[in-house]
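Novice: Sharing a structure with you now.
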Amino acid sequence: MRIVNGFLISSNHWPLAGSVGLNTNILEINIINLGVVLAVLFYFGKGVLSNLLNNRKRTILSTIRDAEERYEEATDKLKQARSRLQQAKGKAEDIRSNGLAQMEKEKQDLIDAADGDSKRLEESKNYTIRFEEQRAIEQVRQEVSRLALERALESLKNRLNVELQSRMIDYHIGLFRAMEKLID
Numbered sequence: 019m020r021i022v023n024g025f026l027i028s029s030n031h032w033p034l035a036g037s038v039g040l041n042t043n044i045l046e047i048n049i050i051n052l053g054v055v056l057a058v059l060f061y062f063g064k065g066v067l068s069n070l071l072n073n074r075k076r077t078i079l080s081t082i083r084d085a086e087e088r089y090e091e092a093t094d095k096l097k098q099a100r101s102r103l104q105q106a107k108g109k110a111e112d113i114r115s116n117g118l119a120q121m122e123k124e125k126q127d128l129i130d131a132a133d134g135d136s137k138r139l140e141e142s143k144n145y146t147i148r149f150e151e152q153r154a155i156e157q158v159r160q161e162v163s164r165l166a167l168e169r170a171l172e173s174l175k176n177r178l179n180v181e182l183q184s185r186m187i188d189y190h191i192g193l194f195r196a197m198e199k200l201i202d
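Residue numbers (our numbering): 19 to 202.
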């Protein structure tokens, strides 16, 4: 209040046509100079400041729109990426399950083939054993027959004398004659 009263009181002492200028002493600045400066700044700076603020507002709004568009694009891309990820997971699961099924099938095929080979080898082995048994039996029969024949011949040689030979010849001749009579 004192300052305002002091201003009003001291206005009587102002010179009427004194020098016009700005008082640069901060403590002695008068309110009129300050009001004039503010009015000039407001009058001339209003359009510039308004243009600057409008330009800044447009820039900010444009940046916000661009950011929102990029956000929407990023959201769409994220949705697409998630969709592709789910498809890839599904495809990977299908491939894995198909691979496991194929592996099991091939495993079973190998087991079946090994069983078949084992059975064929067993049959071949059994056939070879039977063949060798038959061959051995046949060889034993031939050897037994040969030995029996040799013994029989040896026995006949020892028993056969001239008188027995002549009786056998007569007996067989008699058999042939009897057969001739039956045929005629």
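Each residue gets a CB set at the ideal place from its N, CA and C atoms; glycine is no exception.
To which residues of the same chain is TYR189 closer than 8 Å at the C-beta, ignoring the five residues directly before and after it?
Specialist: So no residue of the chain qualifies.
Novice: Mind checking which residues open and close the alpha helix (DSSP H) that includes ASP135?
Specialist: From DSSP, the alpha helix (DSSP H) with ASP135 extends over 49-177.
Novice: Short of 6 Å in beta carbon distance, which residues of its chain neighbour GLY24, apart from the five on each side in sequence? Order them along the chain.
Specialist: Note that GLY24 scores 49 on pLDDT, short of 50, meaning its location in the model is unreliable; the coordinates nonetheless yield the value given after this. Around GLY24: no qualifying Cβ.
Novice: Rounded to whole angstroms, what is the Cα-Cα separation between ARG76 and LEU96?
Specialist: If I take the Cα positions, the gap works out to 29 Å.
Novice: I need the boundaries of the alpha helix (DSSP H) containing ASP188, first residue and last residue.
Specialist: Start and end: 180-201.
Novice: Using the C-alpha atoms, what's the distance from ASN51 back to VAL58?
Specialist: Between VAL58 and ASN51, the C-alpha separation is close to 11 Å.
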